[in-house]
Amino acid sequence: NAGVTQTPKFRVLKTGQSMTLLCAQDMNHEYMYWYRQDPGMGLRLIHYSVGEGTTAKGEVPDGYNVSRLKKQNFLLGLESAAPSQTSVYFCASSYGRLYNEQFFGPGTRLTVL
Amino acid sequence: QQPVQSPQAVILREGEDAVINCSSSKALYSVHWYRQKHGEAPVFLMILLKGGEQKGHDKISASFNEKKQQSSLYLTASQLSYSGTYFCGSTSGGGGSNYKLTFGKGTLLTVNP
Chain A
2 NAGVTQTPKF RVLKTGQSMT LLCAQDMNHE YMYWYRQDPG MGLRLIHYSV
52 GEGTTAKGEV PDGYNVSRLK KQNFLLGLES AAPSQTSVYF CASSYGRLYN
102 EQFFGPGTRL TVL
Chain B
3 QQPVQSPQAV ILREGEDAVI NCSSSKALYS VHWYRQKHGE APVFLMILLK
53 GGEQKGHDKI SASFNEKKQQ SSLYLTASQL SYSGTYFCGS TSGGGGSNYK
103 LTFGKGTLLT VNP
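First to last, the protein sequences are chains A and B. Everything in the first sequence is counted per this note's numbering, starting at 2 for the first residue and increasing by one. Everything in the second sequence is counted per this note's numbering, starting at 3 for the first residue and increasing by one.
As C-alpha cells, this is what we get:
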C-alpha cells in the first residue's frame, strides 16, 4: 500500500496564478483533511471531508477550495495565489471510527512569489 | 483555539526522561499526539479519549485529565530516534466528534548521545 500520496512535492507560483494539489489514499478511509504548516504555528486545518462528495471548512479556509469527487482523492485548489499562501501543505486521511488516527502524506512545499 | 504545549523545547541526553504537556481552555473529547521529524510528515503516536480509552505505541505513554483539560506525553529512557517535534491535537464537544483536530504549536525534543 502506498498510503497517502501528494502531488506535486514542490511548486513555485507567481502571485495570482492558480494551481491544484492532489491527495490520494489507498486505505479506503472515509475522512480526508488538508492542513498547512507554517514555522512556529503547528498544523492548521484548511478544509476536510467526511465522505465522498462532502467538504467542510476548517480553521483557515479563505483563499482555498476543495473537492472530493472520488473517495480516494481530495483536491485542494488555489484560485489566485498570494505570498501569504507560501507554506507546506499536508494531506491526511482517517477511518472516521472510534480512534480515528490520521495518516499524513509527505507534504507539498509551495512558494508564492 | 489552539491547545498550549509546554515546554516549547527540551534537550535530553540519551536515556533521560521527558514530559510534554498539552492544555486546552475548552472541554476536551480527545487528545491526539504526533511526532514529526525534520522534513517529514507527522506520524501518529497516541490517542486518548474522554472516558479513559486510548490507543498508541507500546513504548509511549500518556495521560488525559478531563477535569483539568490537560494531557501529558511521557517519554522514558529516551533514544536518539525520539528526536523531533511533538504535536498534540485536541477535539472538543461530544457526539463522537473525534476528527476535527486543533493542533498545538509543537514541542521540539532533541536527544543527544
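For every residue, glycine included, the Cβ atom is placed at its ideal position computed from N, Cα and C. Owing to the predicted nature of the structure, the values given are computational and were not obtained by experimental measurement.
Cβ distance (whole Å) where residue i is taken to contact residue j below 8 Å
i                : j                : result
Gly64 (chain A)  : Leu44 (chain A)  : At roughly 17 Å, the Cβ-Cβ gap does not stay under 8 Å, so Gly64 (chain A) and Leu44 (chain A) are not in contact.
Gln56 (chain B)  : Ser25 (chain B)  : Wrong, their Cβ atoms sit about 18 Å apart, outside the cutoff.
Ala43 (chain B)  : Phe91 (chain A)  : 6 Å
Gly54 (chain B)  : Leu47 (chain B)  : About 18 Å; that fails the 8 Å criterion.
Ser92 (chain B)  : Leu103 (chain B) : 7 Å
Val1 (chain A)   : Thr8 (chain A)   : This structure does not reach residue 1 (chain A), given that chain A is present from 2 up to 114, and the question cannot be answered.
Lys107 (chain B) : Gln4 (chain B)   : 7 Å
Endpoints, the beta strand (DSSP E) within which residue i is located
i                : result
Leu111 (chain B) : Thr109 to Asn114
Gly78 (chain A)  : Asn74 to Leu79
Arg98 (chain A)  : Segment: none, Arg98 (chain A) is in no beta strand (DSSP E) and carries neither H nor E.
Lys57 (chain B)  : Gln56 to Gly58
Gln7 (chain A)   : Val5 to Thr8
Asp39 (chain A)  : Tyr32 to Asp39
His2 (chain B)   : Lying before the first or after the last residue shown, residue 2 (chain B) is absent from chain B, which here runs from 3 to 115.
Met48 (chain B)  : Val45 to Leu51
Val61 (chain A)  : No beta strand (DSSP E) contains Val61 (chain A), which DSSP labels as neither H nor E.
Gly43 (chain A)  : Gly43 to Ser50
Arg12 (chain A)  : Phe11 to Leu14
Leu14 (chain B)  : Ala11 to Arg15
Asn66 (chain A)  : Asn66 to Ser68
Asn67 (chain B)  : Ser63 to Asn67
DSSP state of residue i mapped onto helix, strand, coil
i                : result
Leu82 (chain B)  : helix
Ser19 (chain A)  : coil
Ser85 (chain A)  : helix
Asn23 (chain B)  : strand
Tyr76 (chain B)  : strand
Tyr88 (chain B)  : strand
Leu103 (chain B) : coil
Leu111 (chain A) : strand
Asn2 (chain A)   : coil
Gln3 (chain B)   : coil
Gln26 (chain A)  : strand
Contact the stretch 52-63 of chain B vs the stretch 3-18 of chain B: 3+ CB pairs below 8 Å = Flag = no, the stretch 52-63 of chain B and the stretch 3-18 of chain B do not touch.
Pull out every residue of the stretch 60-76 of chain A whose Cβ sits closer than 9 Å to any Cβ of chain B, in chain order.
-> Sequence-ordered contacts of the stretch 60-76 of chain A with chain B read Glu60 [C-beta pairs closer than 9 Å].
Residues in the stretch 40-68 of chain B with C-beta within 7 Å of chain A's C-beta atoms, listed in sequence order?
-> Cβ contacts with chain A: Ala43, Pro44, Phe46, Ile49 and Lys57.
Check whether the stretch 82-89 of chain A touches the stretch 36-51 of chain A, counting contact only when three or more Cβ pairs, one atom from each stretch, lie closer than 8 Å.
-> Contact holds: three or more Cβ-Cβ distances are below 8 Å.
Note down, in chain order, all residues in the stretch 39-53 of chain A with a beta-carbon under 9 Å from any beta-carbon belonging to chain B.
-> Of all residues in the stretch 39-53 of chain A, only Gly41, Met42, Gly43, Leu44, Arg45, Leu46, Tyr49 and Val51 come within less than 9 Å of chain B when Cβ atoms are compared, listed by chain position.
May I ask you to verify whether the stretch 67-81 of chain B touches the stretch 20-30 of chain B, counting CB pairs closer than 8 Å and requiring at least 3?
-> Contact holds: three or more Cβ-Cβ distances are below 8 Å.
Three CB pairs or more closer than 8 Å across the stretch 103-112 of chain A and the stretch 49-59 of chain A | Touching, no.
Segment contact, 8 Å Cβ cut-off, at least three pairs: the stretch 18-30 of chain A with the stretch 84-94 of chain B | The answer is no - the stretch 84-94 of chain B does not touch the stretch 18-30 of chain A, with fewer than three Cβ pairs under 8 Å.
Note down, in chain order, all residues in the stretch 101-112 of chain A with a beta-carbon under 8 Å from any beta-carbon belonging to chain B.
-> Under the 8 Å Cβ criterion, the stretch 101-112 of chain A contributes Asn101, Glu102, Gln103, Phe104, Phe105, Gly106, Pro107 and Gly108.
Report the residues of the stretch 10-30 of chain A with a CB closer than 7 Å to any CB of chain B, ordered along the chain.
-> Across the stretch 10-30 of chain A, no CB contact with chain B closer than 7 Å is found for any residue.
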